[in-house]
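Undergrad: First to last, the sequence lines map onto chains A, B, C, D, E and F. Sequential numbering from 381 applies to the first sequence in my numbering. Sequential numbering from 381 applies to the second sequence in my numbering. Sequential numbering from 381 applies to the third sequence in my numbering. Sequential numbering from 381 applies to the fourth sequence in my numbering. Sequential numbering from 381 applies to the fifth sequence in my numbering. Sequential numbering from 381 applies to the sixth sequence in my numbering. Just so it is clear, CB atoms sit at the ideal spot from N, CA and C, and this is done for glycine as well.
There are 6 protein chains.
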Amino acid sequence: MPIVQIELIEGRTLDQKRALAEKVTKAIAESLDCPESAVSIIMRELKPDNFAKEGKLWCDK
Amino acid sequence: MPIVQIELIEGRTLDQKRALAEKVTKAIAESLDCPESAVSIIMRELKPDNFAKEGKLWCDK
Amino acid sequence: MPIVQIELIEGRTLDQKRALAEKVTKAIAESLDCPESAVSIIMRELKPDNFAKEGKLWCDK
Amino acid sequence: MPIVQIELIEGRTLDQKRALAEKVTKAIAESLDCPESAVSIIMRELKPDNFAKEGKLWCDK
Amino acid sequence: MPIVQIELIEGRTLDQKRALAEKVTKAIAESLDCPESAVSIIMRELKPDNFAKEGKLWCDK
Amino acid sequence: MPIVQIELIEGRTLDQKRALAEKVTKAIAESLDCPESAVSIIMRELKPDNFAKEGKLWCDK
Chain A
381 MPIVQIELIE
391 GRTLDQKRAL
401 AEKVTKAIAE
411 SLDCPESAVS
421 IIMRELKPDN
431 FAKEGKLWCD
441 K
Chain B
381 MPIVQIELIE
391 GRTLDQKRAL
401 AEKVTKAIAE
411 SLDCPESAVS
421 IIMRELKPDN
431 FAKEGKLWCD
441 K
Chain C
381 MPIVQIELIE
391 GRTLDQKRAL
401 AEKVTKAIAE
411 SLDCPESAVS
421 IIMRELKPDN
431 FAKEGKLWCD
441 K
Chain D
381 MPIVQIELIE
391 GRTLDQKRAL
401 AEKVTKAIAE
411 SLDCPESAVS
421 IIMRELKPDN
431 FAKEGKLWCD
441 K
Chain E
381 MPIVQIELIE
391 GRTLDQKRAL
401 AEKVTKAIAE
411 SLDCPESAVS
421 IIMRELKPDN
431 FAKEGKLWCD
441 K
Chain F
381 MPIVQIELIE
391 GRTLDQKRAL
401 AEKVTKAIAE
411 SLDCPESAVS
421 IIMRELKPDN
431 FAKEGKLWCD
441 K
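(1) Taking only beta carbons into account, state which residues of the segment 384 to 400 of chain A come closer than 7 Å to chain D, listed in chain order.
(2) Count the other CB atoms within 10 Å of the CB of residue 403/A; is the residue buried (16 or more) or exposed (fewer)?
(3) Below 8 Å, can you find three or more Cβ-Cβ pairs linking the segment 393 to 409 of chain E to the segment 403 to 423 of chain D?
(4) At a Cβ threshold of 9 Å, is residue 441/D touching chain A?
(5) My output table needs one value for residue 403/E: the three-state DSSP class, helix, strand or coil.
(6) Could you pull the start and end residues of the beta strand (DSSP E) that residue 384/B belongs to?
(7) What does the Cβ neighbour count give for residue 435/C, buried or exposed, with the cut at 16 atoms within 10 Å?
(8) Quickly, what does DSSP pair residue 420/F with across the bridge? List them, please.
(9) Is the CB of residue 423/B under 9 Å away from at least one CB in chain F?
(10) Which chain D residues are close to residue 410/E, counting only those with a beta carbon under 8 Å from its beta carbon?
(11) Tell me, which residues are paired with residue 425/C by DSSP?
(12) For residue 420/F, which residues from the same chain have a beta carbon less than 6 Å from its beta carbon, with the 5 sequence-adjacent residues on both sides left out?
(13) Looking at C-beta atoms only, is the number of pairs between the segment 423 to 440 of chain E and the segment 384 to 395 of chain A that lie closer than 8 Å three or more?
(14) DSSP state of residue 440/B, grouped into three classes?
(15) Consult DSSP for residue 395/D and reduce its assignment to one of helix, strand or coil.
(16) Return yes when the Cβ of residue 412/B is within less than 9 Å of the Cβ of residue 385/C, no when it is not.
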């Protein structure tokens, strides 16, 4: 605890994921005054035909 | 907002996803009296061995 | 299956939720060609201090 | 209802998933005194670069 | 890891939740051959007007 | 997009939530090189009897 789930469009590099894990963990630990070791992060990568905004698929925009 | 997450068994066509995005967005906007532009939809496709009902995997039914 | 999760800001009436359940179920059944009886919908109501956009809480906008 | 979502690192065998579906369903039905037929389980398999703990990706540990 | 999310209709006793936590954890550890200490469980209690099946709210059934 | 869901034990102040929204949004925008305006954050507060670790409810630890 806390447990974080992040949905993002696929196509990030390993280095971007590394930065995401490190920075989001730090941001949470600082804001909530909890140890970094308590933070878990799940990333879910979405294909552009599995996300829609305003009724339109991302791949059709 | 609103944010919608839909879990479905894999194997839908692009046209089915397009219809889903359009119709669900419209259904939400009408019901809640909010603009269609406010609606986000995440679809997650599950393999038949990643869903279970009544203690049995979908692929075993 | 399909299973739908909808996050929305709190404050909807029972009639709005009824309409939401009915219309979203119909929209999914039509789009994916599945029976309405297969559709489950979970609604989660968020307090305005539990949602943020652009780094700002909803209650501060 | 109840609806269960389980996030796990990828790499389980079909037999492990079968056991998971059966045992978790039984555990829930017994604890909550509900029929096994009411329990749905969604499994989501994560790649080791999509999970982080203590600010570090699983694949970097 | 694994991380479990369980949606259930509100109204369970503390003892039912205790049993749920213990039994589901054991079921997962046995099935996936992982330590019980690795299992996290989130329960989310739903009001009967926040769940729908077949297009009908639970509170209207 | 990205959409973030954070589960945390209840009892944070409004200022902690404000900091969380601001810092997590910044962390994501920097890591993924996306605008802060694209980031949505959902927080879900859990009662101590709705979270379990190692088979034990949080309220029993």
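TA: Per the coordinate set shown:
(1) 394, 397, 398
(2) buried
(3) yes
(4) no
(5) helix
(6) 383 to 389
(7) buried
(8) 433/C, 383/F
(9) no
(10) 399, 403
(11) 388/C
(12) 383
(13) no
(14) helix
(15) helix
(16) no
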